[in-house]
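The structure appears below as structure tokens.
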Amino acid sequence: MAERVLVAMSGGVDSSACVSLLQKQGYEVGGVVFDMSPAHHQAVEDARLAADFFGVPLTVCNLRERFSREVIDYFCQSYLSGETPNPCVRCNPTVKFAALYEEMQRGGYDWMATGHYAGIVRRGDTYYFTQAQSAQRDQSYMLYRLPQEIMARLLLPLAGMEKPQVRQLAREAGLPTFDKPDSQENCFIPDGDYPAYVEGRCGPSRRGQFIAPDGSPAGPHRGIAHYTVGQRKGLGIALGRPVFVRAIDPASGDVLLCDAGEEYAAEIRLREVCAPDPAQLAEGAQVLVKIRSVAKPCPATLHFLPGGELTARFAAPQRAPAPGQSAVFYRDGLVIGGGIIDRPRPENGGAAGGSQTTA
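The sequence shown: position 165 = 165 (full-length UniProt numbering), numbered continuously.
See below:
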């Protein structure tokens, strides 16, 4: 009897190619699509069309309340507290893959699968994500918080493929949506206007002053939800030279500015650290770290502070690590852990705050 696999479908080319590959490999495939917000309506309809095309049963799961509670509320509160969240990193373990795992068990499937560009390997009793063959498409950064019980049952058929190959596979299969554009980064804010969304949902964000690089007030700003660490464009202030957001103080509402070059940090502190094998994150461990999803990995050394907080000190200062984003650690192509950036320690030696960290 063929093994059964449940595929998370969206009607896009990646999840559809995933279905096609698994069918060719002899699996009995079922599909599930998650309705997580009003913006997901078209994805649900496209998933229905794809499921009909491939002849697979499709379950539609309404996750709007769960997604709102776990992701949208988190997203908004992060912006209101002066951080820059990554909703996908939050959604994957708490909503998307958690629900996929539940539906897999409920339906009696052997496996679950998605169209993510990443791989999985087992070392002893521990599972690790690996980087995809396509460095441009690699999504291992987004998956680092998934627990072992999910990784043990997860198939990622696109790990060794480039996007043009995936589109060609979909074209050869006759899929009508083989040339469907890639989805946007934030699935629940289609127009990409994050500040308007946050303030429309939660009300105006904290207002305060721009603080010039010399420490003097430089005029009022629109609210802290409109800014992120490292931002230069769209500040709405003219000081006669380029300036960048160095930090955001949610208590005072002030947005601290710096001159070019001063937005770099030599070190970051992390909170909510997780790892497939915590022993990999030992004192003095040498890693490659990505401080945002599209960043190039850079060498860093891990250190623990007296209070137990984990820090990563870069071999060369990195531009604008943003609190709320994730720092993900790699070694030999494996994802060995990561955490949420708390507050970067500037190159000029300014202090950085911290919070309790576990590993």
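Quick reminder that beta carbons are idealized off the backbone N, C-alpha and C, glycines included.
An exposed status is given to His41, since fewer than 16 other beta-carbon atoms sit within 10 Å of its beta-carbon. The straight-line gap separating the alpha-carbon atoms of Ser81 and Pro250 is approximately 5 Å. Taking C-beta separations shorter than 7 Å and ignoring five residues to either side along the sequence, the partners of Pro297 in its chain run Leu288, Val289, Lys290 and Tyr330, following chain order. If you draw a straight line from the Cα of Leu49 to the Cα of Ile189, it is about 24 Å long. Below 8 Å, too few C-beta pairs join the stretch 112 to 119 and the stretch 247 to 265 to call them touching: fewer than three. The stretch 173 to 182 and the stretch 145 to 156 do not touch, with fewer than three beta-carbon pairs separated by less than 8 Å.
In the three-state reduction of the DSSP assignment, Gly200 falls in the helix class. Counting along the chain, the unbroken beta strand (DSSP E) around Ala312 starts and ends at Leu310 to Arg319. Gln325 has Pro323 as its beta-bridge partners, per DSSP.
Closest by C-alpha distance to Gly31, out of Thr228, Val56 and Pro213, is Val56. In this structure, the alpha-carbon of Leu256 lies about 12 Å from that of Ile237. Contact check for Ala225 against Val245 fails: the beta carbons are separated by 9 Å or more. Taking one beta carbon from each stretch, the stretch 151 to 168 and the stretch 305 to 322 have fewer than 3 pairs nearer than 8 Å; the two do not touch.
The beta carbon of Tyr141 sits closer than 6 Å to the beta carbons of Lys290, Ser293 and Val328 from its chain, once the five residues preceding and following it are set aside; these are given in chain order. Between the alpha carbons of Ser252 and Gly208 lies a gap of roughly 7 Å. Given a length threshold of 4 residues, each whole run of the alpha helix (DSSP H) inside the stretch 47 to 72 is given here in chain order: 64 to 67. Tyr101 has its alpha-carbon roughly 15 Å from the corresponding atom of Leu58.
Secondary structure at His40: helix, using DSSP grouped into helix, strand and coil. DSSP places Leu21 within a helical segment (H, G or I) once states are collapsed to three. For Val33, the three-state secondary structure derived from DSSP is strand. Pairing Arg153 with Cys76, the inter-Cα distance amounts to about 32 Å.
Secondary-structure assignment with DSSP links Tyr264 through a beta bridge to Arg319. The C-alpha of Gly230 lies about 16 Å from the C-alpha of Gly223.
If you draw a straight line from the Cα of Ala275 to the Cα of Val335, it comes to about 8 Å. The continuous stretches of beta strand (DSSP E) do not include Lys163, which lies in the alpha helix (DSSP H) extending over residues Lys163 to Ala173. Runs of the beta strand (DSSP E) spanning 3 or more residues and lying entirely within the stretch 74 to 139 occur at 111 to 113, 118 to 123 and 126 to 131, in chain order. Bounds of any beta strand (DSSP E) do not take in Ile291, whose DSSP letter is neither H nor E. Per the C-alpha coordinates, the member of Tyr227, Asp254 and Gln168 positioned closest to Ala218 is Asp254.
Beta-bridge pairing by DSSP links Leu146 to no other residue. Under the three-state reduction of DSSP, Glu272 is assigned to strand. By the C-beta density criterion, Gly11 is buried, having at least 16 other C-beta atoms within 10 angstroms. Val89 is positioned such that its CB atom lies no closer than 9 Å to that of Arg66.
Taking C-beta atoms as the reference points, Arg4 and Val29 count as a pair closer than 9 Å.
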